[in-house]
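Data first, discussion second: the structure below is written as structure tokens.
Protein chains in written order, with the numbering used here: chain A, 1 to 216; chain B, 1001 to 1216.
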């Protein structure tokens, strides 16, 4: 059926379905969204949607998993590029994570609000990817505690607090607001340094040229 | 109609409708919940629900507004009881706010996920109450900056970060988990002190008897 529009191949239709489904999930929630409407908004038939995805749940899993994987990769790459000290690596990770949230707020918002509606098996497929992200932050925080740079009693609790703080960005950040995504990311990196007891975190967040690169 | 069950007066039915609606909104989301099911779960008729609320939106508004008002009051009272220094007042506010979130996680979760489905007018009725909470925190943070205790460039951004961090508690806190609600509240008060650049916040959060009182 896709051959009717030769320019947009199967991959094009698939991506268009994902994009419109994300918009529908974001605007009216997973429960209210229907495959029929997603198909209509994507300019294809419901049968066409079912060629690519087993059901609505499968579309949500794909959206959430790929967003989480992208965020994980952005964070890992930022850590690799950072100076090899625990505070620099921790700040780079938070900055990249926050920047992804600010620039992909719909995906992050849907992840935070709609994940709970997935069945257990599907939820685990998404949660696995999110757990990997959390583990990454836990290791970075533990390195800071070991080096004596960070002063926190409960590493997991602190990491959860920082990731919650970053997740909140999706709720309020606007591209046309007073702060750019990079400024928000830098500010949050400073907060995360302060939160773990690293002196001079807040108010002294380094504005970093590398953060701007990550937007591209 | 309520006179059929003389023990549970009109107030009793109304509260039962609110309680079951909260459970339904939490479990399946605002869109999927129906007045018919809410009535069934509350053990009354749909007509009975409409005696108390104009529609499903009105029920959600009532749940969210009263939760926000309760949280505001708990926070204000904690601030009044705290030592009159900016760091003590800031910590007391965050502790009370976090404690309310941990002990009323369903209300807070529904507020974070379902608020966006309300119509503009209804949303404003809820948001007004939430704005009052934010304003309370902004004033406390500004007092800390003025006294030289806090070191932050952007008070509003810092307050948003702290409130997002606290909102996240509703997502993960379990009453049967490793930390009690009071321990979480104390830990988060410490994080919030550190975040605004007050020395010795994290890892030195005071365990406070007054926080336990607020649970009652």
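We put the beta carbon where it would ideally sit given N, CA and C, even for glycine.
Residue j and residue i - do their beta-carbons sit closer together than 8 Å?
| i | j | result |
| --- | --- | --- |
| residue 1115(B) | residue 1123(B) | yes |
| residue 18(A) | residue 109(A) | no |
| residue 1276(B) | residue 1068(B) | Absent from the model: residue 1276(B). The displayed extent of chain B is 1001 to 1216, so no value can be given. |
| residue 1217(B) | residue 1015(B) | Any answer about residue 1217(B) is impossible in this case: the structure gives chain B only from 1001 up to 1216. |
| residue 1167(B) | residue 164(A) | yes |
| residue 98(A) | residue 185(A) | yes |
| residue 1060(B) | residue 1030(B) | yes |
| residue 88(A) | residue 82(A) | yes |
| residue 1162(B) | residue 1195(B) | yes |
| residue 113(A) | residue 1154(B) | no |
| residue 24(A) | residue 86(A) | no |
| residue 151(A) | residue 197(A) | yes |
Taking all protein chains shown into account, decide if residue i is buried (16 or more other Cβ within 10 angstroms of its Cβ) or exposed.
| i | result |
| --- | --- |
| residue 1103(B) | buried |
| residue 1034(B) | exposed |
| residue 1121(B) | exposed |
| residue 1073(B) | exposed |
| residue 1135(B) | exposed |
| residue 1199(B) | exposed |
| residue 1054(B) | exposed |
| residue 1132(B) | exposed |
| residue 1045(B) | exposed |
| residue 1105(B) | buried |
| residue 1101(B) | buried |
| residue 43(A) | exposed |
| residue 5(A) | Summary for residue 5(A): the model assigns pLDDT 42, below 50, so the residue's position carries little reliability; its value from the coordinates is reported in the next sentence. With fewer than 16 other Cβ atoms within 10 Å, it is exposed. |
| residue 1027(B) | exposed |
| residue 128(A) | exposed |
| residue 1011(B) | exposed |
| residue 1144(B) | buried |
| residue 1013(B) | buried |
| residue 1(A) | A caution first: residue 1(A) carries a pLDDT of 38, below 50, which makes its placement in the model too unreliable to give a value. |
Could you work out which residues of chain B lie near residue i, taking near to mean beta carbons separated by less than 7 Å?
| i | result |
| --- | --- |
| residue 154(A) | 1187 |
| residue 31(A) | 1028, 1029, 1031, 1032 |
For a cutoff of 8 Å on Cβ pairs, would you count residue i as touching chain C?
| i | result |
| --- | --- |
| residue 113(A) | The displayed structure is made up of protein chains A and B, and chain C is not among them. |
At 9 Å on the CB atoms, spell out the chain B contacts of residue i, in chain order.
| i | result |
| --- | --- |
| residue 172(A) | 1160, 1164 |
So which residues on chain A does residue i lean against when the C-beta distance must stay under 7 Å?
| i | result |
| --- | --- |
| residue 1195(B) | 191, 194, 195, 202 |
| residue 1103(B) | Those within 7 Å of residue 1103(B) in chain A number zero; the least Cβ separation is about 17 Å. |
| residue 1117(B) | 29 |
Which bits of chain B does residue i rub up against, with CB to CB less than 8 Å?
| i | result |
| --- | --- |
| residue 167(A) | 1164, 1168 |
List the residues of chain A that residue i touches, going by C-beta distances under 8 Å, in chain order.
| i | result |
| --- | --- |
| residue 1157(B) | 179, 184, 187 |
**Request:** Flag this pair as touching only if the region 1153-1161 of chain B and the region 1084-1092 of chain B have three or more C-beta atom pairs under 8 Å; answer yes or no.
**Result:** no
**Item:** Validate contact between the region 1074-1090 of chain B and the region 1035-1051 of chain B using beta carbons, cut 8 Å, 3 pairs
**Value:** no
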